[in-house]
Amino acid sequence: MKTARIVLALPGLAALAYGIVLFLDYAAPAWPDSFTTLLWIGGGPVVNDAVFAPIAGMVGLLLARVLPRPWRAPVQVGAVLTVVLGFVAFPLLWRSYGVPPKPGLHDGNTWLGLAATLAVVWSAVLVAAIVRIVQVRSRAARKIRARARS
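Encoded structure:
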(Lines of atoms letter the chains of each structure in order from A; the text may use other names.)
(Lines give C-alpha, C1' and ligand atoms only; values in the text may rest on other atoms or scores of the structure.)
Protein backbone atom coordinates (compact mmCIF):
# COMPACT_ATOMS: atom_id res chain seq x y z
CA MET A 137 0.00 0.00 0.00
CA LYS A 138 2.84 2.35 0.86
CA THR A 139 4.51 1.71 -2.49
CA ALA A 140 1.29 2.42 -4.35
CA ARG A 141 0.90 5.74 -2.56
CA ILE A 142 4.44 6.75 -3.42
CA VAL A 143 3.96 5.73 -7.06
CA LEU A 144 0.74 7.77 -7.22
CA ALA A 145 2.29 10.76 -5.44
CA LEU A 146 5.34 11.07 -7.69
CA PRO A 147 3.50 12.30 -10.83
CA GLY A 148 1.57 14.79 -8.71
CA LEU A 149 4.74 16.15 -7.15
CA ALA A 150 6.38 16.33 -10.58
CA ALA A 151 3.40 18.30 -11.93
CA LEU A 152 3.57 20.62 -8.91
CA ALA A 153 7.29 21.23 -9.45
CA TYR A 154 6.69 21.93 -13.14
CA GLY A 155 3.91 24.38 -12.26
CA ILE A 156 6.23 26.20 -9.87
CA VAL A 157 8.92 26.43 -12.56
CA LEU A 158 6.38 27.83 -15.05
CA PHE A 159 5.13 30.36 -12.50
CA LEU A 160 8.66 31.50 -11.70
CA ASP A 161 9.37 31.93 -15.42
CA TYR A 162 6.27 34.13 -15.60
CA ALA A 163 6.72 35.98 -12.32
CA ALA A 164 10.45 36.67 -12.16
CA PRO A 165 10.68 39.19 -15.03
CA ALA A 166 7.73 41.24 -13.76
CA TRP A 167 8.15 40.79 -10.02
CA PRO A 168 6.35 43.79 -8.54
CA ASP A 169 3.36 43.28 -10.81
CA SER A 170 3.29 39.51 -10.40
CA PHE A 171 2.95 39.76 -6.60
CA THR A 172 -0.82 40.17 -7.02
CA THR A 173 -0.84 36.97 -9.08
CA LEU A 174 0.94 35.19 -6.25
CA LEU A 175 -1.68 36.49 -3.81
CA TRP A 176 -4.45 35.34 -6.15
CA ILE A 177 -2.96 31.83 -6.46
CA GLY A 178 -2.34 31.50 -2.73
CA GLY A 179 -5.43 33.36 -1.56
CA GLY A 180 -7.97 31.01 -3.12
CA PRO A 181 -7.06 27.94 -1.07
CA VAL A 182 -6.70 30.01 2.11
CA VAL A 183 -10.12 31.62 1.69
CA ASN A 184 -11.65 28.25 0.81
CA ASP A 185 -10.17 26.51 3.86
CA ALA A 186 -10.86 29.37 6.27
CA VAL A 187 -14.33 30.45 5.11
CA PHE A 188 -16.12 28.19 2.66
CA ALA A 189 -15.14 24.74 3.98
CA PRO A 190 -16.33 25.41 7.56
CA ILE A 191 -19.58 26.91 6.27
CA ALA A 192 -20.13 23.90 4.00
CA GLY A 193 -19.45 21.54 6.90
CA MET A 194 -21.91 23.33 9.17
CA VAL A 195 -24.60 23.42 6.48
CA GLY A 196 -24.05 19.69 5.79
CA LEU A 197 -24.42 18.85 9.48
CA LEU A 198 -27.50 21.04 9.76
CA LEU A 199 -29.10 19.38 6.73
CA ALA A 200 -28.28 15.93 8.16
CA ARG A 201 -30.03 16.78 11.41
CA VAL A 202 -33.05 18.66 10.03
CA LEU A 203 -34.05 16.74 6.91
CA PRO A 204 -35.89 13.41 6.93
CA ARG A 205 -33.69 10.46 5.96
CA PRO A 206 -34.88 10.04 2.33
CA TRP A 207 -34.22 13.74 1.62
CA ARG A 208 -30.75 14.02 3.17
CA ALA A 209 -28.44 12.74 0.45
CA PRO A 210 -30.26 14.31 -2.53
CA VAL A 211 -30.47 17.73 -0.85
CA GLN A 212 -26.84 17.59 0.26
CA VAL A 213 -25.72 16.71 -3.28
CA GLY A 214 -27.90 19.51 -4.67
CA ALA A 215 -26.39 21.98 -2.20
CA VAL A 216 -22.84 20.98 -3.15
CA LEU A 217 -23.62 21.28 -6.88
CA THR A 218 -25.23 24.67 -6.31
CA VAL A 219 -22.09 25.96 -4.61
CA VAL A 220 -19.78 24.53 -7.27
CA LEU A 221 -21.87 26.01 -10.07
CA GLY A 222 -21.90 29.35 -8.25
CA PHE A 223 -18.10 29.29 -7.97
CA VAL A 224 -17.74 28.50 -11.66
CA ALA A 225 -20.20 31.23 -12.69
CA PHE A 226 -18.95 33.84 -10.20
CA PRO A 227 -16.34 35.55 -12.43
CA LEU A 228 -18.90 36.13 -15.18
CA LEU A 229 -21.66 37.15 -12.76
CA TRP A 230 -19.40 39.61 -10.97
CA ARG A 231 -18.08 41.25 -14.11
CA SER A 232 -19.33 40.63 -17.61
CA TYR A 233 -15.79 40.19 -18.92
CA GLY A 234 -14.14 38.94 -15.72
CA VAL A 235 -12.23 36.22 -17.56
CA PRO A 236 -10.37 36.25 -20.86
CA PRO A 237 -12.91 35.98 -23.67
CA LYS A 238 -13.31 32.65 -25.39
CA PRO A 239 -15.45 32.08 -28.44
CA GLY A 240 -19.05 31.71 -27.36
CA LEU A 241 -18.41 32.25 -23.66
CA HIS A 242 -19.78 35.79 -23.47
CA ASP A 243 -22.51 35.26 -26.03
CA GLY A 244 -25.05 33.91 -23.55
CA ASN A 245 -26.87 35.24 -20.53
CA THR A 246 -24.87 33.96 -17.55
CA TRP A 247 -27.67 34.53 -15.03
CA LEU A 248 -30.15 32.63 -17.18
CA GLY A 249 -27.70 29.80 -17.77
CA LEU A 250 -26.99 29.47 -14.05
CA ALA A 251 -30.70 29.60 -13.21
CA ALA A 252 -31.53 26.93 -15.82
CA THR A 253 -28.72 24.67 -14.62
CA LEU A 254 -29.80 25.04 -11.00
CA ALA A 255 -33.40 24.29 -12.00
CA VAL A 256 -32.23 21.02 -13.57
CA VAL A 257 -30.12 20.17 -10.50
CA TRP A 258 -32.94 20.80 -8.03
CA SER A 259 -35.46 18.99 -10.24
CA ALA A 260 -33.16 15.98 -10.11
CA VAL A 261 -32.94 16.38 -6.32
CA LEU A 262 -36.74 16.35 -6.11
CA VAL A 263 -37.02 13.25 -8.33
CA ALA A 264 -34.30 11.43 -6.38
CA ALA A 265 -35.97 12.24 -3.05
CA ILE A 266 -39.38 11.08 -4.29
CA VAL A 267 -37.86 7.82 -5.58
CA ARG A 268 -36.23 7.25 -2.18
CA ILE A 269 -39.52 7.93 -0.37
CA VAL A 270 -41.36 5.45 -2.61
CA GLN A 271 -38.65 2.84 -1.98
CA VAL A 272 -38.88 3.31 1.80
CA ARG A 273 -42.67 3.03 1.75
CA SER A 274 -42.65 -0.05 -0.47
CA ARG A 275 -40.10 -1.72 1.85
CA ALA A 276 -42.29 -0.92 4.84
CA ALA A 277 -45.37 -2.29 3.05
CA ARG A 278 -43.51 -5.52 2.20
CA LYS A 279 -42.48 -5.95 5.83
CA ILE A 280 -46.06 -5.45 7.00
CA ARG A 281 -47.33 -8.02 4.47
CA ALA A 282 -44.61 -10.47 5.49
CA ARG A 283 -45.58 -10.13 9.15
CA ALA A 284 -49.26 -10.59 8.33
CA ARG A 285 -48.51 -13.86 6.49
CA SER A 286 -46.52 -15.34 9.34
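Our numbering numbers the first residue of the sequence shown as 137 and each following residue consecutively.
The C-beta atom is built at its ideal place from N, Cα and C for all residues, glycine as well.
| query | Would a C-beta distance cut-off of 8 Å place Pro206 and Arg268 closer than the cut-off? | reply | Locating residue 206 in the sequence shown gives position 70, counting from the first residue. Locating residue 268 in the sequence shown gives position 132, counting from the first residue. Yes.
| said: Whole angstroms are fine: how far does the CA of Val143 sit from the CA of Leu149? | reply: Reading the sequence shown from its first residue, position 13 is the one you call residue 149. Reading the sequence shown from its first residue, position 7 is the one you call residue 143. Roughly 10 Å separates the two Cα atoms.
| request: Determine the contact status of Leu250 and Leu221, defining contact as a CB-CB distance below 8 Å. | output: Position 114 of the sequence shown, counted from the start, is the residue given in the question as residue 250. Position 85 of the sequence shown, counted from the start, is the residue given in the question as residue 221. For Leu250 and Leu221, yes; Cβs fall inside 8 Å.
| request: Look at the alpha carbon of Val219 and the alpha carbon of Val213, and state the distance between them as a whole number of angstroms. | output: Numbered from 1 along the sequence shown, position 83 holds the residue referred to as residue 219. Numbered from 1 along the sequence shown, position 77 holds the residue referred to as residue 213. Distance between the alpha carbons of Val219 and Val213 is about 10 Å.
| Whether Leu152 touches Ala163 by CB criterion (8 Å) | Sequence index remark: in the sequence shown, residue 152 carries index 16 (1-based). Sequence index remark: in the sequence shown, residue 163 carries index 27 (1-based). Cβ distance not < 8 Å, so Leu152 and Ala163 don't count as in contact.
| said: Looking at Val211: is its Cβ nearer than 8 Å to the Cβ of Leu199? | reply: If you number the sequence shown from 1, residue 211 lands on position 75. If you number the sequence shown from 1, residue 199 lands on position 63. The answer is yes: Cβ separation under 8 Å.
| For Thr253, which residues from the same chain have a beta carbon less than 8 Å from its beta carbon, with the 5 sequence-adjacent residues on both sides left out? | In the sequence shown, residue 253 corresponds to position 117, counting from 1. Around Thr253: Leu221.
| query | Taking Cβ positions, are Val183 and Ala215 nearer each other than 8 Å? | reply | If you number the sequence shown from 1, residue 183 lands on position 47. If you number the sequence shown from 1, residue 215 lands on position 79. It is not a contact, given that the beta carbons lie outside the stated cut-off.
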